[in-house]
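As structure tokens, the structure follows; a few thoughts come after it.
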Amino acid sequence: MLLKSEEKAKIKEQKAKGTSAARRSLPRSLFTLRRAGLTLLIVFYFASLLGGFLAPYNFRTQSRQTPFLPPVRIHFIDAQGGFHARPFIYKPKLTDPLNFGYEEDRSQSYPLQFLVRGETYELFGLFTSTLHLVGIAGGEAAPRLHLLGTDGLGRDVLARLLYGGQVSLVVGPLGLLLAYLIGVTFGALAGWYGGATDTLLMRAAEVMMSLPSLMLILALRAAFPLSVTPAQVAVMMLTIFAVVGWAEVARLTRGLIVAEKQRDYVAAAIASGAGDWRILTRHLLPNVSTPLITQFAISAPAFILAEIALSYLGVGVQEPSASWGTLLADATEISVLKNYLWMMAPAVLVFLTALAFHLIGESNSAAEARR
Amino acid sequence: MLARTITRLVLKRLIQAVPTLLIISALSFALIGAAPGDALTALEQDGRIRAETIAKLRQEYGLDRPLIVRYGSWLKGVLSGDLGASLAEKLPVTTLIGERLINTLKLSLTATLLAWLIALPLGALAAVRRGSWIDRASSALALVSVSTPRIVLAILALLFAARTGLFPIGNVRSLGAANDFSLASIADGLHHLMLPAVVMSLPLAAVYLRQMRAGMIEALQADFIRTARAKGLSEKAVVVRHAARNALNPLITLFGYAIAALLSGSIIVETVMAWPGLGQLAVNSVRGRDVPVMMGIVLMTAVMMIIGNLLADVLHVISDPRLRGSEAA
Numbered sequence: 001m002l003l004k005s006e007e008k009a010k011i012k013e014q015k016a017k018g019t020s021a022a023r024r025s026l027p028r029s030l031f032t033l034r035r036a037g038l039t040l041l042i043v044f045y046f047a048s049l050l051g052g053f054l055a056p057y058n059f060r061t062q063s064r065q066t067p068f069l070p071p072v073r074i075h076f077i078d079a080q081g082g083f084h085a086r087p088f089i090y091k092p093k094l095t096d097p098l099n100f101g102y103e104e105d106r107s108q109s110y111p112l113q114f115l116v117r118g119e120t121y122e123l124f125g126l127f128t129s130t131l132h133l134v135g136i137a138g139g140e141a142a143p144r145l146h147l148l149g150t151d152g153l154g155r156d157v158l159a160r161l162l163y164g165g166q167v168s169l170v171v172g173p174l175g176l177l178l179a180y181l182i183g184v185t186f187g188a189l190a191g192w193y194g195g196a197t198d199t200l201l202m203r204a205a206e207v208m209m210s211l212p213s214l215m216l217i218l219a220l221r222a223a224f225p226l227s228v229t230p231a232q233v234a235v236m237m238l239t240i241f242a243v244v245g246w247a248e249v250a251r252l253t254r255g256l257i258v259a260e261k262q263r264d265y266v267a268a269a270i271a272s273g274a275g276d277w278r279i280l281t282r283h284l285l286p287n288v289s290t291p292l293i294t295q296f297a298i299s300a301p302a303f304i305l306a307e308i309a310l311s312y313l314g315v316g317v318q319e320p321s322a323s324w325g326t327l328l329a330d331a332t333e334i335s336v337l338k339n340y341l342w343m344m345a346p347a348v349l350v351f352l353t354a355l356a357f358h359l360i361g362e363s364n365s366a367a368e369a370r371r
Numbered sequence: 372m373l374a375r376t377i378t379r380l381v382l383k384r385l386i387q388a389v390p391t392l393l394i395i396s397a398l399s400f401a402l403i404g405a406a407p408g409d410a411l412t413a414l415e416q417d418g419r420i421r422a423e424t425i426a427k428l429r430q431e432y433g434l435d436r437p438l439i440v441r442y443g444s445w446l447k448g449v450l451s452g453d454l455g456a457s458l459a460e461k462l463p464v465t466t467l468i469g470e471r472l473i474n475t476l477k478l479s480l481t482a483t484l485l486a487w488l489i490a491l492p493l494g495a496l497a498a499v500r501r502g503s504w505i506d507r508a509s510s511a512l513a514l515v516s517v518s519t520p521r522i523v524l525a526i527l528a529l530l531f532a533a534r535t536g537l538f539p540i541g542n543v544r545s546l547g548a549a550n551d552f553s554l555a556s557i558a559d560g561l562h563h564l565m566l567p568a569v570v571m572s573l574p575l576a577a578v579y580l581r582q583m584r585a586g587m588i589e590a591l592q593a594d595f596i597r598t599a600r601a602k603g604l605s606e607k608a609v610v611v612r613h614a615a616r617n618a619l620n621p622l623i624t625l626f627g628y629a630i631a632a633l634l635s636g637s638i639i640v641e642t643v644m645a646w647p648g649l650g651q652l653a654v655n656s657v658r659g660r661d662v663p664v665m666m667g668i669v670l671m672t673a674v675m676m677i678i679g680n681l682l683a684d685v686l687h688v689i690s691d692p693r694l695r696g697s698e699a700a
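Residue numbers (the working numbering), protein chains in the order written: chain A, 1 to 371; chain B, 372 to 700.
Laid out in structure tokens, this is it:
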């Protein structure tokens, strides 16, 4: 009997320990924030990658009859008040040619079709397809299903947003990854060997960081020809981001390595005859990886925004390609700002992307601070 | 002691600045010079201009000389205060930059002032009333403005101005408005300045707000606050004179960060909102392949960064007596 109650107390104690430890590791609100951020990003990345399929049209197809068409209204109830399970749209009619005002022509309804064949698009840059999630059957005579409206050339805004995401969401993080490859290597070498290697590398990093990042990016941009093909744009951006980003990463890595190499296990590894390369790659780098990964999530939005900024300023991605930067540039003409609110859609996506990265970054660093 | 530490700090930094500026200018000159095409490439594609004319122009601008010779003559000019002439605007680069620099400084200083005015009282209040609605609201606001990219903020401001017509779009003053110190022209200038300054200041204000709140919370738990309370000082005196003064210290460290953020941000905000500052000029010079202007801006920015960081360190030494006489400074 005595034993039993003792056991019970022990179990109780262990339980209490368990919950308090869990609470210390990560509070609920942080967890929710991180999950919200991750969910948002996963949705954005998937939607962009599947952009050609999700959008009813190719991002480059122009429809000159319907420039600045507002987002199409999807109806369930027809003019007579009858309900339709299959949603439908009406054909737009240009009523104000000066300001591009449209009205619906209610004489005929066009039902939405799912998984229809339509315009050709590329998927993952590997194969082409004509299958779209949703569309309107009926060819040229039928109205077009512009869910987020069209731009000044009648191009589908949704398709351009999703395609632009393939550029804007990918180029920045890829460039940062390159910067990490260089920065971690240099930082680890500087931290491990010290001496002249250290001084030289860190002086170089300091020079890189003596200009504000966007100014440095602009200066580097000037080293490339003004008009570039889409493939060249990608190479150019990756180069610029690697050159701009490595210094900060190198400094962080160096600091972590310098602190970590004082630890006993490093001395033990040296004593057991492990070489420099083995100690760095097998022992030191794995042990400093957590703060490096945390920093990646914190730095990523800045690189995404750098691509958007360059493209906005007209020295990055160029027509007829699209990125969120060029879409923002289209949206900031005064007449567009005044009249066509749906063109602001890229601003919403840019904001949400930055917010999502921030939520992840902040909850990660808060969790780290608690450790 | 204080004066000696500061003198040594300034001297040391100035000596360090020389190689940094040399390396930056040489690197950027090499990079920009190595790029295919120059300021005359656009003219070449224009069929109406003869090849001989372009060759002559190129010779006149000195664009046909080897890179290292061009850098040498540029450097010689810089040492005597001459940054060369803009290829696009036919003006001395110093004149062009000087005019734009004033506009950028006007914008940045107003933004900084606004950020302090918003962040310091709000951050202190949030720390004193921890967990209250004002704390939670300001924290949420800080999170949103820290994560809103400047380009989005600028576009939102533009949208606001275009839709309501309450604010002018672009430029530092209205067309035809006098540029003097009369009341009307000052009001007109402020009207133009307001929106870009708010856009520039919001992300900065969010950073300051968080730092101020954290600093105040830490200070309010310190022993000297208990002492101050025990002495029977009023709550206001405790918070303002003792806690807030200590919480301000780490904010000074952010000074260097703020300068970099403002200079980077000005490129975006000035271009989106058509504010004729240094950032806008930088973008135009990249688009126009105007190497002298580009080089002048790079040099100018590097100098401003060095001065800003030095200023931050000097302020730090003044505000924190522990740093005096130390090698670390």
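Every residue gets a Cβ at the ideal spot worked out from N, C-alpha and C, and that includes glycine.
| Check | Outcome |
| --- | --- |
| Residues in the same chain with beta-carbon distance under 8 angstroms from ALA347/A, minus the five sequence neighbours each way, listed in chain order, please. | LEU328, ALA331 |
| Whose C-alpha, out of LEU201/A, ALA179/A, LEU178/A, is nearest the C-alpha of LEU189/A? | LEU201/A |
| Can you list the residues of chain A that ILE639/B reaches, using a CB-CB cut of under 9 angstroms? | LEU214, LEU305, ALA309, TYR312, LEU313 |
| Output the boundary residues of the alpha helix (DSSP H) element that contains PHE296/A. | 289-312 |
| Say whether the region 658-672 of chain B touches the region 554-568 of chain B, bearing in mind that this needs 3 or more beta-carbon pairs closer than 8 angstroms, one atom from each stretch. | no |
| Helix, strand or coil, according to DSSP, for ILE77/A in the structure here? | strand |
| When you compare only the Cα positions, how much space is there between ALA482/B and HIS687/B? | 22 angstroms |
| Using the three-state DSSP reduction, which class does GLU698/B fall into: helix, strand or coil? | Summary for GLU698/B: the model assigns pLDDT 48, below 50, so the residue's position carries little reliability, and this model does not support an answer. |
| Among the residues of its own chain, which have a CB less than 7 angstroms from the CB of VAL464/B, if the five just before and after it don't count? | LEU454, GLY455, ALA456, SER457, PRO663, VAL664, GLY667 |
| So, under 8 angstroms CB-CB, GLY636/B and ASN680/B are touching, yes? Tell me the CB distance rounded to an integer number of Å. | In fact, because the Cβ distance is near 17 angstroms, the residues do not count as touching under 8 angstroms. |
| Taking SER29/A as the query, report the chain B residues whose CB atoms sit under 7 angstroms from its CB, ordered along the chain. | Neighbours of SER29/A on chain B: none; closest Cβ ~11 angstroms, over 7 angstroms. |
| Can you name the residues that DSSP bridges to LEU112/A? | ILE136/A |
| Is the CB of PRO663/B under 9 angstroms away from at least one CB in chain A? | no |
| Within the chosen definition, does the region 273-283 of chain A reach the region 226-240 of chain A through at least 3 CB pairs nearer than 8 angstroms? | no |
| On a Cα-Cα basis, can you pick out the residue from SER109/A, GLU103/A, ARG60/A, ASN58/A that is closest to GLN80/A? | SER109/A |
| If you check the beta carbons only, do ILE623/B and SER690/B fall under 9 angstroms apart? | yes |
| At the level of alpha carbons, what is the spacing between LEU604/B and ALA614/B? | 12 angstroms |
| Is the separation between the beta-carbon of GLY187/A and that of ARG117/A shorter than 9 angstroms? | no |
| Do the region 59-79 of chain A and the region 153-161 of chain A meet, that is, are 3 or more Cβ pairs less than 8 angstroms apart? | yes |
| Does the Cβ of LEU169/A have 16 or more other Cβ atoms within 10 Å, making it buried, or fewer, making it exposed? | buried |
| Using only CA atoms, which one of ALA645/B, GLY443/B, ASP435/B, ARG421/B lies nearest to LEU478/B? | ALA645/B |
| Any residues in the region 233-249 of chain A with a beta carbon nearer than 8 angstroms to a beta carbon of chain B? Which ones, in chain order? | none |
| Is the region 288-300 of chain A in contact with the region 171-186 of chain A, if contact means three or more CB pairs nearer than 8 angstroms? | yes |
| Roughly how many whole angstroms lie between the Cα atoms of SER25/A and LEU181/A? | Residue placement at SER25/A is poorly supported in this model, since its pLDDT is 48, which falls under 50; the coordinates still yield a value, given next. Between SER25/A and LEU181/A, the C-alpha separation is close to 30 angstroms. |
| Buried or exposed for ALA486/B, please, with buried defined as at least 16 other CB atoms from any protein chain shown within 10 angstroms of its CB. | buried |
| My output table needs one value for LEU147/A: the three-state DSSP class, helix, strand or coil. | coil |
| Measure from the C-beta of PHE44/A to each C-beta in chain B and report whether the shortest distance is under 9 angstroms. | no |
| In chain B, which residues lie less than 7 angstroms from PHE224/A when you measure between Cβ atoms? | ALA406 |
| Can you tell me which of LYS447/B, ILE386/B, ALA490/B, THR475/B puts its alpha carbon nearest to the alpha carbon of ARG581/B? | ALA490/B |
| For MET587/B, go through chain A and note every residue whose CB falls closer than 9 angstroms to its CB, in chain order. | Per Cβ cutoff of 9 angstroms: no residues; MET587/B is ~18 angstroms from chain A at best. |
| Suppose the cutoff is 7 angstroms on Cβ atoms and the five residues either side in sequence are ignored; what does the same chain contact list for LEU280/A look like? | ALA188, TRP192 |
| For LEU327/A and chain B, any beta-carbon pair shorter than 9 angstroms? | no |
| Using only the alpha-carbon positions, how far apart do SER129/A and GLY183/A sit? | 40 angstroms |
| ASP96/A by DSSP, collapsed to three states: which one? | strand |
| With GLN387/B as the anchor, note down where its alpha helix (DSSP H) starts and where it stops. | 373-405 |
| Taking only beta carbons into account, state which residues of the region 341-369 of chain A come closer than 7 angstroms to chain B, listed in chain order. | MET344, ALA347, VAL350, PHE351, ALA354, LEU355, HIS358 |
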